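S.K.: Position one of the sequence shown corresponds to residue 2 (my numbering), numbered consecutively onward.
Don't be surprised by glycine CBs; every beta carbon is placed ideally from N, CA and C.
Since the model is a prediction, treat every value here as computed from it, not as a measurement.
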Amino acid sequence: MLVVAVAVAAFAIADGGERDEPTAAARGTTPAGGTLEGHATTTRAHLATTTVAPVSTSTTATTVPGPPSDQRTLHLLHTISGHISPKSVVASGRGVVTAQNMMYTHTISVYGADGTLRTTIPDTVDLAALGDPTHTGTFRGAPVEAAFTPDGRYEYVSNYSMYGPGFGPEGSDSCGPVNSYDDSYVYRLDTRTWKIDQAIKVGAVPKYVAVTPNGRTLLVTDWCSYALSIVDIHTAKEVARLHLGAYPRGIVVAPDSTTAYVAIMGTTQIAIVDLRTRAIVTTIYSGGSGPRHLVLSPDGRWLYATLNGSGIISKIDTTTRRVVATKHTGSAPRSMAISADGLSLYVVNYESDSMSKVRASDLAVLQTIATNHHPIGITYDASTSRVWVACYVGTILVFDDQ
2 MLVVAVAVAA
12 FAIADGGERD
22 EPTAAARGTT
32 PAGGTLEGHA
42 TTTRAHLATT
52 TVAPVSTSTT
62 ATTVPGPPSD
72 QRTLHLLHTI
82 SGHISPKSVV
92 ASGRGVVTAQ
102 NMMYTHTISV
112 YGADGTLRTT
122 IPDTVDLAAL
132 GDPTHTGTFR
142 GAPVEAAFTP
152 DGRYEYVSNY
162 SMYGPGFGPE
172 GSDSCGPVNS
182 YDDSYVYRLD
192 TRTWKIDQAI
202 KVGAVPKYVA
212 VTPNGRTLLV
222 TDWCSYALSI
232 VDIHTAKEVA
242 RLHLGAYPRG
252 IVVAPDSTTA
262 YVAIMGTTQI
272 AIVDLRTRAI
282 VTTIYSGGSG
292 PRHLVLSPDG
302 RWLYATLNGS
312 GIISKIDTTT
322 RRVVATKHTG
332 SAPRSMAISA
342 DGLSLYVVNY
352 ESDSMSKVRA
362 SDLAVLQTIA
372 TNHHPIGITY
382 DASTSRVWVA
392 CYVGTILVFD
402 DQ
């Protein structure tokens, strides 16, 4: 996996080996199984492979009863494998989870909430047919991250690079605006048909995507453009591009859709963006180096960040904009999810091959669970209280947290 040293703020940047070394799944090898380990009471269970098949699932969100999430214990349900190389997993909350498989397989995998494969979507598109006459013919992308609209009707998927006539070399994890990499595209998927029906041009090497809670705006971090693309969902056009600094990554939006927080991974900072004026308000200290992924508490009071360079997560008061707590979870914490009740965080530790469940109030580690090699993506499915972990070797682990 690619680990890139960048001379920015005097520390190393790494974002998951996104291009240089194919995953085990891409090479056609079988990843090794792992173990499930509790935090206080240790248990072990083999990560058995589950064969999946198409199935119809409900698209209606449900409320899962039970004790508060920080009083529950995660248990492994099954492992999903196949021809996948998941960079990220994202739950719609309406019975669907998708995995974005990068350029190693050029696909998006769509699963039911129970882990059964519903369909596989190739990333090949006709850009001219989707409204960009400057590119004729068919092109392939490299799906990185995804975000659903609040009603679950559409999903937006970022593409690391585009492949085909007229596009230059693929992007890089070590880059900047001076490298002049080609702008890439975000696809829109219709979740009724699972067809790509829009391709929206943004900056170079787009990474994270987020849809505002009011469903009006799409936000995209452009890794190699050092920028945030702001897209009007109604017109499907980029309406602003804000320069942020080296390697913008995670995004989270306040419940009232007025404020976005953006992790600038090549620094120690998180940018605060006013979405009404489309301007950067300020930057705040994240608590350490390499801020990568962000989540907010349901009420918007607390901001949580993974700090890849420091190996910690941090908790920030959004009213004072100050760090109030930090906690070491493992080596290179990457992605993070939060439970529906806001009481628990779930963090994947890329170099430790583990996932941590953390109490949100004080950042106490409640469980540490061994995963397969290089866990990189994670999502919490509110419709089932299940946690999905994407491992870059070509597996997805599904845990129950009821």
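1. Go to Thr106, then tell me how far its alpha helix (DSSP H) extends in each direction, as first and last residue.
2. With a 10 Å radius around its C-beta and 16 neighbouring C-beta atoms as the bar for buried, classify Val282 as buried or exposed.
3. Would you grab the beta carbon distance between Ser185 and Ser162 for me? Rounded to a whole angstrom, and I think it's under 8 Å.
4. Fully enclosed by the segment 218-259, which beta strand (DSSP E) runs are 3 residues long or longer?
5. What is the DSSP secondary structure of Gln199, reduced to helix, strand or coil?
6. Do Ile273 and Ile265 have their CB atoms nearer than 8 Å?
7. Taking its Cβ as the centre, do 16 or more other Cβ atoms sit within 10 Å of Ala247, making it buried, or is it exposed?
8. So, for Tyr155: in the same chain, excluding its five sequence neighbours on each side, which residues have a beta-carbon less than 8 Å away from its beta-carbon?
9. Just how far apart, CA to CA, sit Leu118 and Val111?
10. Do Thr327 and Gly288 have their beta-carbon atoms positioned less than 8 Å apart in this structure?
11. Compare the beta carbon distance of Val126 and Thr139 with 8 Å and say whether it is the shorter of the two.
12. Output the residue ranges of the beta strand (DSSP E) runs that lie fully inside the segment 351-397 and measure 3 residues or longer, sorted by chain position.
13. DSSP three-state label for Asn160, please.
14. Assuming Glu239 and Ser226 make a contact with CB atoms under 8 Å, what is their CB distance in whole Å?
15. If I follow the unbroken beta strand (DSSP E) through Arg189, where does it start and stop?
16. May I have the straight-line CA-CA distance separating Gly310 from Ala130, to the nearest angstrom?
17. Quick check: the Cα distance between Val90 and Asp183, rounded to an integer number of angstroms?
18. Among residues of its own chain, excluding the 5 on either side of Ala341, which ones have a beta-carbon nearer than 6 Å to its beta-carbon?
19. What did DSSP end up calling Gln270 once you bin it into helix, strand or coil?
20. Sorted by chain position, which residues of the same chain lie with C-beta nearer than 6 Å to Thr213's C-beta, five sequence neighbours on each side aside?
21. Hey, how far is the Cα of Leu77 from the Cα of Thr372?
22. Excluding the 5 residues preceding and the 5 following Pro299 in the sequence, name in chain order all residues of the same chain whose CB lies nearer than 7 Å to its CB.
23. How many whole angstroms separate the CB atoms of Ile397 and Val390, which I take to be in contact at a CB cut-off of 8 Å?
24. State the DSSP-derived secondary structure class of Asp71, mapped to helix, strand or coil.
25. Using 8 Å as the threshold, is the C-beta distance between Ala237 and Ile197 below it?
26. If you run the structure through DSSP and keep just helix, strand and coil, what is Phe400?
27. State the beta-bridge partners of Thr283 as determined by DSSP.
28. Do the CB positions of Thr74 and Gln368 come within less than 8 Å of each other?
29. Please state whether DSSP places Ala179 in a helix, a strand or coil.
30. Grouping DSSP H, G and I as helix and E and B as strand, with all else coil, what is Glu146?
31. Opposite Ile85 in the DSSP bridges: which residues?
32. Between the alpha carbons of Ala92 and Ala147, how many angstroms are there, rounded?
33. CA-CA distance, Leu295 and Val263?
34. Considering only the alpha carbon of each residue, which of Asn102, Ile339, Val145 and Met356 lies closest to Tyr209?
35. So what's Leu131 in DSSP terms, helix, strand or just coil?
M.R.: From the atom records:
1. Position 105 of the sequence shown, counting from 1, holds the residue named residue 106. Thr106 -> alpha helix (DSSP H) spans Met103 to Thr106.
2. As a working mapping, residue 282 is identified with position 281 in the sequence shown. Under this definition Val282 is an exposed residue.
3. In the sequence shown, residue 185 corresponds to position 184, counting from 1. In the sequence shown, residue 162 corresponds to position 161, counting from 1. So it is a contact: roughly 6 Å between Cβ atoms.
4. 218-223, 228-233, 238-244 and 249-254
5. What you label residue 199 is simply residue 198 of the sequence shown in a count that begins at 1. Note: Gln199 maps to strand in three-state DSSP.
6. Residue 273 sits at position 272 when you count from the first residue of the sequence shown. Residue 265 sits at position 264 when you count from the first residue of the sequence shown. Cβ atoms of Ile273 and Ile265: not closer than 8 Å.
7. Here residue 247 corresponds to residue number 246 of the sequence shown, with the count starting at 1. If you draw a 10 Å sphere on the C-beta of Ala247, you find 16 or more other C-beta atoms in it, and that means buried.
8. The count along the sequence shown starts at 1 and reaches residue 155 at position 154. Cβ-Cβ distances below 8 Å link Tyr155 to Phe149, Arg189, Leu190, Asp191 and Thr192 in the same chain, with the five nearest sequence neighbours on each side left out; the list follows chain order.
9. Position 117 of the sequence shown, counted from the start, is the residue given in the question as residue 118. Position 110 of the sequence shown, counted from the start, is the residue given in the question as residue 111. Taking the straight line from one Cα to the other gives about 6 Å.
10. Taking the sequence shown and counting its residues from 1, the one referred to as residue 288 is at position 287. Taking the sequence shown and counting its residues from 1, the one referred to as residue 327 is at position 326. Yes, Cβ-Cβ distance for Gly288 and Thr327 is below 8 Å.
11. As a position in the sequence shown, residue 126 is number 125, starting the count at 1. As a position in the sequence shown, residue 139 is number 138, starting the count at 1. Against a cut-off of 8 Å, the Cβ pair of Thr139 and Val126 comes out as a contact.
12. 355-360, 366-371, 376-382 and 387-392
13. As a first step, residue 160 must be located in the sequence shown, where it is residue number 159. It is a strand residue.
14. As a working mapping, residue 239 is identified with position 238 in the sequence shown. As a working mapping, residue 226 is identified with position 225 in the sequence shown. About 11 Å separates the CB atoms of Glu239 and Ser226; that is not less than 8 Å, and the two are not in contact.
15. Position 188 of the sequence shown, counting from 1, holds the residue named residue 189. Residues Asp184 to Asp191.
16. Indexing the sequence shown from 1 puts residue 310 at position 309. Indexing the sequence shown from 1 puts residue 130 at position 129. C-alpha separation (whole angstroms): 42 Å.
17. Residue 90 sits at position 89 when you count from the first residue of the sequence shown. Residue 183 sits at position 182 when you count from the first residue of the sequence shown. Approximately 26 Å, taken between the alpha carbons.
18. As a first step, residue 341 must be located in the sequence shown, where it is residue number 340. Excluding positions up to five away in sequence, the list reads Ala383.
19. Taking the first residue of the sequence shown as position 1, residue 270 is located at position 269. Strand.
20. Position 212 of the sequence shown, counting from 1, holds the residue named residue 213. Correct list, in chain order: Val254 and Ser258.
21. Mapped onto the sequence shown, residue 77 falls at position 76. Mapped onto the sequence shown, residue 372 falls at position 371. Taking the straight line joining both Cα atoms gives about 10 Å.
22. Working through the sequence shown from its first residue, we reach residue 299 at position 298. So the list reads Gly343, once near-sequence residues are dropped.
23. Position 396 of the sequence shown, counting from 1, holds the residue named residue 397. Position 389 of the sequence shown, counting from 1, holds the residue named residue 390. Sure, about 7 Å apart at Cβ, within 8 Å.
24. Here residue 71 corresponds to residue number 70 of the sequence shown, with the count starting at 1. Helix, per DSSP.
25. Mapped onto the sequence shown, residue 237 falls at position 236. Mapped onto the sequence shown, residue 197 falls at position 196. No. Outside cutoff.
26. Here residue 400 refers to the residue found at position 399 of the sequence shown. Residue state, collapsed to three classes: strand.
27. Start at 1 with the first residue of the sequence shown, and residue 283 comes out as number 282. According to DSSP, Thr283 bridges with Ile273.
28. Translated into positions along the sequence shown, residue 74 becomes position 73. Translated into positions along the sequence shown, residue 368 becomes position 367. Contact flag set, yes.
29. Residue 179 sits at position 178 when you count from the first residue of the sequence shown. Strictly speaking, residue 179 in this sequence is Val, with Ala absent from that position. Correct three-state label for Val179: helix.
30. For the purposes of this step, residue 146 is taken as the residue at position 145 of the sequence shown. If DSSP states are grouped into helix, strand and coil, Glu146 belongs with the strands.
31. Here residue 85 refers to the residue found at position 84 when the sequence shown is read from its first residue. Ile85 pairs with nothing; no bridge assigned.
32. Numbered from its first residue, the sequence shown carries residue 92 at position 91. Numbered from its first residue, the sequence shown carries residue 147 at position 146. Each residue's alpha carbon lies about 9 Å from the other.
33. Along the sequence shown, read from residue 1 onward, the residue named residue 295 stands at position 294. Along the sequence shown, read from residue 1 onward, the residue named residue 263 stands at position 262. Computed Cα separation, rounded: 8 Å.
34. In the sequence shown, counting from the first residue as 1, residue 209 sits at position 208. Of Asn102, Ile339, Val145 and Met356, the residue nearest in Cα terms is Val145.
35. Locating residue 131 in the sequence shown gives position 130, where the first residue counts as 1. Three-state DSSP puts Leu131 in coil, outside helix and strand.
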